[in-house]
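Quick note on this note's numbering: the sequence shown kicks off at -13 and runs consecutively. Using N, Cα and C, we set each Cβ at its ideal position, and we do this for glycine too. Here's the structure we're looking at; comments come further down.
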Amino acid sequence: MRIGIVGGGQLGRMLALAAHSLGHEPHAYDPGPDPSARDVARLHRGSFDDPRALATFADGVDILTYEFENIPARVLEEIAERGRAFDPSPRFLALSQDRLLEKQALSDLGIPVAPHRAVDSLADLRRARDELGERLVLKTRRLGYDGRGQRRIADESEIREAWRILGGVPLIAEAWIPFLAEVSLVATRGRDGTMVFYPLTENRHEHGILRLSRAPADVPGAAALAATAEDYLRRLAEHYAYVGTLTVEFFVTERGLLANETAPRVHNSGHWTIDGAATSQFANHIRALAGHPLGSTRTPEAVAMVNCVGALPDPNAVLALPGAQFHDYRKAPRPGRKVAHTTLVGPTPFTPERPPLETLLALSPFIVG
Ligand code: ATP
Ligand code: MG
């Protein structure tokens, strides 16, 4: 089948690689001159807000999906009106594009989220501070990623500063959550409604960017947390008749899980599944889309994944570590840009303060600017 992927970044690249191995023909739609997926997918150049170019792309493939989250909902609607369906559900995509609507949708399904308020003025922000507490995170409702479009606030001067920097677009203020850990759950739902879940993954962010993921998560009560998270993802996926891979990021708190963010797609915290799970998140996404049976998520060993940001590592130094794998996205390095990831797979959990993960972290650049 011809699989059309809107977006040709590293997620598109890894989806295309998975599509190839199942005998499908990946096509990627991207505005950039040199997208990461360029040499593994047939490339279609066009802007994400050009409904006509996207419709032409849609007409030339059998299945449509996206890896880029900020396609205007209007554009997807226009394509849907032509009878071309996107998976996962554009209705779910529209929610995950707006942090306020997303939190409301999660709450409606009984999934706990951080206390929050909509903020459209400095007065709203001060009211949020009075109601939610001194420590806040102010975020743009739309278009944020990798910590962009957000400011932490701990006092009055930071309130004015955050408003000066972010004010003017719809915002959301969230209570600062003193989390014990961050985890995410990646799952795939097939066309027939079957769901498979990967092990709960533990994530560490630096400067708002994912630095390290480890699976299975090494947090107290991990089994119960995983069961709760699976229940939440099942509720979401069933409610939205979701087809494909889905991710939810959570804060682990004293009182359990709080959902932080949803992603209607394969996710960075699931990249380890290429090397560490029987079927990767990418392969399962393609299987779901193409109507194949889903594959096992069995993870026989412990896994750690480290993002390389802003520069590439020396691949030979990485590959010399026993159990290490290296994935280069073929992107031009720039500070703050994810350009590769490295993975370790082994029989015992990896500790960031001990080799070999300590060594892998030292070998994997993290340059944010
Ligand atoms: P992503 O790259 O995952 O899309 P993002 O920029 O969209 O990230 P978030 O996931 O909302 O933004 O936030 C990035 C990180 O900032 C979180 O993983 C967490 O470490 C921290 N953070 C965000 N909101 C809060 C909060 N309310 N309390 C504490 N920490 C937070
Ligand atoms: Mg996030």
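> Looking only at its own chain, which residues have a Cβ that is under 6 Å from the Cβ of glutamate 64, when we skip the five neighbours before and after it?
Replying inline: Pro37
> For lysine 317, does the three-state DSSP call read helix, strand or coil?
Replying inline: coil
> Which residue comes first and which comes last in the beta strand (DSSP E) that contains phenylalanine 268?
Replying inline: That residue, phenylalanine 268, is in no beta strand (DSSP E); its alpha helix (DSSP H) goes 267 to 276.
> In the structure shown, what three-state DSSP assignment does asparagine 189 receive?
Replying inline: strand
>> Below 8 Å, is the gap between the Cβ of glutamate 247 and the nearest heavy atom of the ligand MG?
In response: yes
>> On the CB-based measure, 16 or more other CB atoms within 10 Å of its CB, does threonine 231 come out buried or exposed?
In response: buried
> So glutamate 247 is in the beta strand (DSSP E); what residue range does that whole segment cover?
Replying inline: 242 to 249
> Which one or two residues does DSSP pair with valine 123 in a beta bridge?
Replying inline: Arg138 and Glu160
> Hey, quick one: how far does the beta strand (DSSP E) through serine 170 stretch, first residue to last?
Replying inline: 167 to 175
>> According to DSSP, simplified to helix, strand and coil, what is phenylalanine 54?
In response: coil
>> Shorter than 8 Å, the distance from the beta carbon of tryptophan 258 to the closest heavy atom of the ligand ATP, or not?
In response: no
> What are the start and end residues of the beta strand (DSSP E) that includes serine 199?
Replying inline: 195 to 201
> Cβ atoms of leucine 244 and alanine 215: under 9 Å apart, would you say?
Replying inline: no
> Can you tell me the Cα-Cα spacing of tryptophan 162 and proline 351, whole angstroms?
Replying inline: 29 Å
> If you draw a straight line from the C-alpha of threonine 100 to the C-alpha of glutamate 160, how long is it?
Replying inline: A quick correction: the sequence has alanine, not threonine, at residue 100. If I take the Cα positions, the gap works out to 6 Å.
> Under 8 Å from any heavy atom of the ligand MG, does the C-beta of glutamate 235 make it?
Replying inline: yes
> Taking the alpha carbon of serine 282 as the point to measure from, which residue in Thr174, Arg134, Pro250 and Asn302 has its own alpha carbon closest?
Replying inline: Thr174
>> Taking the beta strand (DSSP E) that histidine 30 belongs to, which residues open and close that run?
In response: 28 to 31
>> If the criterion is Cβ atoms closer than 9 Å, does the pair glycine 296 and leucine 330 meet it?
In response: no
>> On the DSSP bridge list, what partners appear for asparagine 293?
In response: His327
> Helix, strand or coil: how does DSSP classify glutamate 11 here?
Replying inline: strand
>> I need the residues with a C-beta less than 5 Å from some heavy atom of the ligand ATP; please give them in chain order.
In response: Ala100, Val123, Gly130, Tyr131, Asp132, Gly133, Glu160, Trp162, Ile163, His191, Gly194 and Glu247
> Three-state secondary structure (DSSP) at methionine 0?
Replying inline: helix
> Which residues bound the alpha helix (DSSP H) around glycine 358?
Replying inline: Because the chain spans -13 through 355 in this model, residue 358 falls outside it and cannot be assessed.
> For valine 238, which residues does DSSP report across the bridge?
Replying inline: Ala167 and Leu243
>> Could you tell me the alpha carbon to alpha carbon distance between leucine 29 and leucine 40, rounded to whole angstroms?
In response: 13 Å
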